[in-house]
Each structure stands twice: as structure tokens, then as C-alpha cells.
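Reviewing the structure listed below.
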Amino acid sequence: LLKKKTTHFKNNAVYAQKIKDRTFFVTHGDNCTKHVAPNGSTTASDVPELCTNQEEAGTRMFLHAEHASQNGHQRIAIKSSDTDVELLACYYQAVISADIILISGTSRRSRIVSIRRVCERLGREICEILPSLHVITGCDSVSAFSTKGKKKVLDVVQMNPALRQTLGSLGERVPARQDDLNKLERFVCALYNDHLCQSVNELRYKLFCKSKSLQSHQLPPTKEALENHLKRANYQSFIWKHALQTEVNQSPDGQGWQQKNGQLEIYWTNQAPAPQAVMELICCRCKGSCQTRRCSCVSNGLPCTEACTCQDNCLNCISKDDSEDDDSDDDTNGDDYES
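For the sequence shown, the UniProt record's numbering gives the first residue as 1, with consecutive numbering after it.
See below:
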């Protein structure tokens, strides 16, 4: 449609009256044309530096903003209510010399924001990680961690400079390095208030044992599911961080997505949510002493375990002394066998 419209702009007196002394840029496909009306009739010409294979309008805006800045414009107004655009404006304000003004809302109730002032308030370091912070906590193309909002992530990185550096590595290259994925895994553990744990699988188990009332969506993802999430976040962050480049040729296939029947689909995981033994584990939710067959463990002839909710008052648990005796017997039997 825009391509057809572009042909109508040429040598059109009606459009010339509307354009007047303005310069009008039209993008269509990978191309961009510039329209001016110097003598009451429009003329069009290609703008090679604005021809791009970027798919998102949100990133193309900043390619155009940088072009306008380089051509002498000192203030650039962007009209958008998209959160992605707001965060990218803060990210790119440092490299675009013109002041970026963001206009959002409706004609009746609009909001005008000076991005430079927002950046001064947030600080350079925070602005540099905003795309990564936004994408890892959920955006249009990447899922979110349940109960872990953007404010939570911002609080964590503001308190820990090392985590800021870790988050900043997101989107630097495609594919992501395994070392970066491992660091980001530790970052996710910190989101769940464990700054020492380095494995989400270990953290899932610890949280499960600590609070049996937790639902599955309240636990961190499994390691494989997290790695695929991080690959998607890394790819999207890479696209955003390279908005000023005209050619972005990295494929999403294999970056947390997969091609299936000619369609791009999310690849979640092939890893089970828990070991098979845990999946089949019988655990009670008793609040008493587990002495009757009302306890599911007692009724199945099993001792209660750490996965049960009855720990303090339970009389059906294996005592520490019994456990040590069993270990001692095992060691003795092993010695007899070896001799």
C-alpha cells in the first residue's frame, strides 16, 4: 500500500500543498524515499542510508532519528505509546546528539517527556541496560518470570554493580556465549532472593523443600527452559541494540525458536520439570503427627520426607539417629564385602 502511495506522491500538486516546506520520508519494505515540494510539485528520491531490512518500526524510528540528528535537527519528536520505544529512546539518547522528545497518549490527553531529562535522572549505567532489563522480564516477543516484575529487577541491579555488568552482556552477540548464559543464570537466581546459588535446578529444589505451598509458576524455570528463554532475550536485545545498523541478518532459528512446517515457533524445553522420582513422590500435607492412615505416607507404608508439610510434629519421619545407623550398617557391610 505504501509503495503505491509513494508513486502517487510524485508530481502531485495536492500532496505538494500538504507537504509545503517539509521533508517527508516514506518507508516501504526495505526501502525509504524522501519527498519534497520545492516548486508546487512533489519530487521523490531514494535515501540509501535509511534503506534497511529491520522488521520492527520501533527500531527504524531510531535509525531515522539518528539520520535527522546528523542532518542538523536539534530536537526530534517521536509519537508512540509503546514501552519498547520509550526504553530504546533512553538507550539511544546517549549516541543521538539531538534531544529526543517522546509524545504518548491521545489527542485529548497526551504526555510529553524529555528523554534527556529522564536519562539524567536514571543515570548512564541504568540507561545502558534498559533494553536488557526490559526483554529479560518480558516483552512482546519474550515471556516473563511469574511474580518477578521490572521493578524487582531494577532494584536488584541497582544494589549490585556486578549484576549490572552481567545484564549488560545480553544482546552483545548472537549466539550468546555459554559463559554469559551461566552468569545470567546466576542473575536469575538473585531475582529469587538467592545471591549464592548458581543453578536454577538447585534453587527450584531448595524453594520446593522450603515452602511446599508454592505453585509451579512461582518456581524459577528449569535450566534448559531458562537457557532457551535467555537465548530469545539475547536475540531480541541484539535486534534493539543494533537499531542504528541498516543490515541485521542474524536468524532467530536456534535462538530459543525453531522452524516447524515453515513457521517460526517458540522452543520451550525437553527437560522434565523435576526428576522422575520426585514426580512420582508421595508426600502428605498433614498438620498433625502422621500417626493414622489419614496420612498418605502412612497409608502407603512410607516414611515422611522433606517434601511433606508435617516436619515439626511428625512421628513418621526417619530420625537423624536412624539415618546415621543405616549409613553405619552400609559402611560395615561394605567393609565385610571387600575383605
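Where is the CB? At the ideal position from N, CA and C, for every residue including glycine.
Taking DSSP as the reference, what is the three-state secondary structure of residue i?
i           : result
Gly123      : coil
Thr137      : coil
Gln158      : helix
Glu324      : Since pLDDT at Glu324 reaches only 47, below the 50 mark, its modelled position is unreliable, and no value is offered.
Asn193      : coil
Phe145      : coil
His35       : strand
Val113      : strand
Glu265      : strand
Gln258      : strand
Gly301      : coil
Gly288      : coil
Gly105      : strand
residue 418 : Nothing can be reported for residue 418: it is not among the residues displayed for the chain, which extend from 1 to 339.
residue 413 : There is simply no residue 413 to check, as the chain begins at 1 and stops at 339 in what is shown.
Ser216      : helix
Ile19       : helix
Ile129      : helix
Val118      : helix
Thr222      : coil
Val47       : coil
If we ignore side chains and look at the alpha-carbon of each, how far apart do residue i and residue j end up?
i      : j      : result
Asn39  : Thr23  : 13 angstroms
Pro221 : Asn193 : 15 angstroms
Gln236 : Leu154 : 19 angstroms
Val95  : Asn270 : 42 angstroms
Leu203 : Cys197 : 7 angstroms
Val248 : Lys210 : 46 angstroms
Ala65  : His28  : 17 angstroms
Ala144 : Asn53  : 28 angstroms
His242 : Glu120 : 23 angstroms
Ile129 : Gln158 : 11 angstroms
Lys20  : Trp268 : 53 angstroms
Asp329 : Glu306 : Reliability of the predicted coordinates at Asp329 is poor, the pLDDT of 46 falling under 50, and no value is obtained from them.
Ile282 : Ala225 : 26 angstroms
Ala190 : Val156 : 8 angstroms
Lys18  : His73  : 21 angstroms
Gly301 : Gln250 : 57 angstroms
Glu172 : Thr292 : 59 angstroms
Ser299 : Phe208 : 23 angstroms
Asp331 : Ala274 : A caution first: Asp331 carries a pLDDT of 47, below 50, which makes its placement in the model unreliable, though a value can still be read off. Between Asp331 and Ala274, the C-alpha separation is close to 30 angstroms.
Leu87  : Ile126 : 11 angstroms
Val47  : Lys152 : 43 angstroms
Give a yes or no on whether the C-beta atoms belonging to residue i and residue j are separated by under 8 angstroms.
i      : j      : result
Ser110 : Ile100 : no
Trp240 : Pro161 : no
Glu55  : His67  : no
Asn261 : Gly288 : no
Asn33  : Ala44  : A small correction: the amino acid at residue 33 is Thr; Asn does not occupy that position in the sequence shown. Taking 8 angstroms as the Cβ cut-off, Thr33 and Ala44 qualify as a contacting pair.
Pro303 : Cys295 : no
Asp82  : Gly58  : yes
Val174 : Val188 : no
Cys286 : Thr309 : yes
Cys51  : Asn31  : yes
Leu219 : Leu63  : no
Lys150 : Leu133 : yes
Just to confirm my understanding: we take residue i, look at its own chain, exclude 5 residues before and 5 after, and list those with CB closer than 6 angstroms. What are they?
i      : result
His217 : Ser146
Gln259 : Asp253
Gln255 : Lys231, Tyr235
Gly89  : Contrary to the premise, residue 89 reads as Ala rather than Gly in this sequence. Excluding sequence neighbours, Ala89 sits near Ile100, Leu102, Ile115.
His35  : Phe9, Phe24, Thr42, Ala44
Quick one: residues in its chain with C-beta nearer than 7 angstroms to the C-beta of residue i, no 5 flanking neighbours on either side, listed in chain order?
i      : result
Ala233 : Val135, Ile136, Val142, Leu170
Met61  : Ile78, Val85
Glu338 : No answer about Glu338 holds up, because its pLDDT of 40 lies below 50 and its placement is not dependable.
Leu181 : Glu227, Leu230
Ser97  : Ser69
Gly138 : Ala144
Val118 : Cys90
Glu265 : Trp257, Gln258
Say whether chain B places a C-beta atom closer than 8 angstroms to the C-beta of residue i.
i     : result
Val36 : Although the question refers to chain B, the structure presented lacks it and comprises just one protein chain.
For residue i, which residues in the same chain have their Cβ closer than 8 angstroms to its Cβ, ignoring the five residues on either side in sequence?
i      : result
Lys206 : Asp194, Cys197
Asp336 : Reliability of the predicted coordinates at Asp336 is poor, the pLDDT of 41 falling under 50, and no value is obtained from them.
State buried or exposed for residue i, treating a residue as buried only when at least 16 other CB atoms are found within 10 Å of its CB.
i      : result
Arg164 : buried
Leu214 : exposed
Asn316 : buried
Ile112 : exposed
Gly334 : Legend: pLDDT at Gly334 = 42, less than 50; position of this residue unreliable, value from coordinates given subsequently. Exposed is the call here.
Thr166 : buried
Ala176 : buried
Glu185 : buried
Ala272 : exposed
Ala263 : For the sequence presented, residue 263 should be read as Gln rather than Ala. Per the 10 Å Cβ criterion, exposed.
Gln311 : exposed
Gln93  : buried
Ile318 : exposed
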